[in-house]
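Asker: The sequence shown begins at 1275 in the working numbering and counts up one residue at a time.
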Amino acid sequence: MRFEQLVENRILEAIEEGVFAGIPGEGAPLQLRDADRLAGELWLAHHILGNAGSLPEWLDLARTIEHDKKRLSDIEGEHGTLVERARSTGEWRRLAPLIAERRREFASAARSLRAKQDRYNIESPGFRNERPAIWVEERLRILDARVREARGGGGD
């Protein structure tokens, strides 16, 4: 059975079960989400399934990946703020443990994100849905270089 037929059958089953009755936004114009964009030509089917809480696992995973990327960006920003504060105040001794903790947090979150990206790229239908995966070690080298560069301009 083709993927499109599976989606259509799932929608018809959900309609028969009353899954779509009373969902938020019923009767309102559709608002596109990231998952809708990822679904390509099947965006409407996926939009309806998403409203019913019945998205294919790979689209749920795409949502999780976007959330994780935002969190990773936040951690990276916190790291940069701490490094800049240590550089400008010279309080390396006090801030170094916090900087190291942000690095560990970043490393853990980045490795988790990479695993999800790899899984997504395996499970998502079609090559066009693939996403480039994060290069964890390279991103960690960038964080470390930020600290080295800032320490070169001052420190304790």
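Note that the Cβ used here is the ideal one computed from N, Cα and C, for glycine as well.
Should proline 1406 go down as buried or exposed, given a rule of 16 or more other Cβ atoms within 10 Å for buried?
Answerer: Exposed.
Asker: Any idea what DSSP makes of tryptophan 1409, helix, strand or coil?
Answerer: Three-state DSSP puts tryptophan 1409 in coil, outside helix and strand.
Asker: I think isoleucine 1373 touches histidine 1341, with their Cβ atoms under 8 Å apart; what is that distance to the nearest whole Å?
Answerer: Their Cβ separation, rounded to whole angstroms, is 24 Å, which puts isoleucine 1373 and histidine 1341 out of contact at 8 Å.
Asker: What are the boundary residues of the alpha helix (DSSP H) that includes glycine 1351?
Answerer: Where glycine 1351 is concerned, the enclosing alpha helix (DSSP H) stretches over 1331-1363.
Asker: With a cut-off of 8 Å on the beta carbons, I'd call leucine 1323 and isoleucine 1285 a contact; round off their distance for me.
Answerer: At roughly 7 Å, the Cβ-Cβ gap stays under 8 Å, so leucine 1323 and isoleucine 1285 are in contact.
Asker: Answer yes or no: do glutamate 1397 and leucine 1335 have a C-beta to C-beta separation smaller than 9 Å?
Answerer: Contact flag set, yes.
Asker: Please report the straight-line C-alpha distance between arginine 1367 and glycine 1299, rounded to a whole angstrom.
Answerer: Cα-Cα distance, rounded: 53 Å.
Asker: Buried or exposed: where does glycine 1428 fall if 16 or more other Cβ atoms within 10 Å of its Cβ makes it buried?
Answerer: Only weak support is given to the placement of glycine 1428: the predicted model assigns it a pLDDT of 46, under 50, and the value that follows is read from those uncertain coordinates. Classification of glycine 1428: exposed, given that the 10 Å Cβ count is below 16.
Asker: Should lysine 1344 be labelled buried (16 or more other beta-carbon atoms within 10 Å of its own) or exposed?
Answerer: It is exposed - the Cβ of lysine 1344 has fewer than 16 other Cβ atoms within 10 Å.
Asker: With DSSP run on the structure shown, which of helix, strand or coil describes alanine 1295?
Answerer: Three-state DSSP puts alanine 1295 in coil, outside helix and strand.
Asker: So the candidates are Asn1325, Val1293, Ile1289; which of them puts its Cα closest to the Cα of alanine 1302?
Answerer: Among Asn1325, Val1293, Ile1289, the Cα nearest to that of alanine 1302 belongs to Asn1325.
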